[in-house]
Amino acid sequence: MGTVKLVVVMIIMVGLTVEGSRAISLCDMNDEGLEACKPSVTQPDPVDPTPQCCEALKGANLTCLCSYKNSMWLPSLGIDPTLAMGLPAKCSLDMPSDCLFGGT
Numbered sequence: 001m002g003t004v005k006l007v008v009v010m011i012i013m014v015g016l017t018v019e020g021s022r023a024i025s026l027c028d029m030n031d032e033g034l035e036a037c038k039p040s041v042t043q044p045d046p047v048d049p050t051p052q053c054c055e056a057l058k059g060a061n062l063t064c065l066c067s068y069k070n071s072m073w074l075p076s077l078g079i080d081p082t083l084a085m086g087l088p089a090k091c092s093l094d095m096p097s098d099c100l101f102g103g104t
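FYI, the numbering for the sequence shown is 1 to 104, going by the UniProt record's numbering.
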């Protein structure tokens, strides 16, 4: 009986490990894109976005990303919302008008 419990626990742990290792995606940006952009939206010394960041941002759903601009979620991850909102312009991308004019 103890062996069966151990096997069940091991199967659950493997399942949790596989689930936890899945790539994250946010507003059509994968984890590599998010990581590429993070140095550009993090204080105290933000850097210009890399080509990898801008490429990831081109494929992102900017309206979706805009919905996080007033969220406490960004600062909790060390992301400066003001820097994040300025990132598309630094990549020569247009922000959706509803994002610029007080939308979501």
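Backbone N, C-alpha and C fix where the C-beta goes; we use that ideal spot for every residue, glycine too.
Item                                                                                                                                                                  : Value
Along the alpha helix (DSSP H) that carries Pro51, what are the first and last residues, could you check?                                                             : 51-58
Measure the C-alpha to C-alpha separation of Pro88 and Met95 and round it to an integer number of angstroms.                                                          : 7 Å
Can you check which of these residues, Asp98, Cys91, Ser97, is closest to Val47 by C-alpha distance?                                                                  : Cys91
Can you tell me which of the three DSSP states Ala84 falls into?                                                                                                      : helix
Measuring CA to CA, which of Thr42, Thr63, Cys54 is closest to Pro81?                                                                                                 : Thr42
Using only alpha-carbon positions, find the residue among Ser40, Ile79, Cys64 that is nearest to Asp98.                                                               : Cys64
Pick from Asp31, Leu62, Leu74: whose alpha carbon is nearest that of Gln52?                                                                                           : Asp31
Helix, strand or coil: how does DSSP classify Ser76 here?                                                                                                             : helix
For Ser76, collect the residues of the same chain with a Cβ closer than 6 Å to its Cβ; drop the 5 residues on either side in sequence, then sort them by chain order. : none
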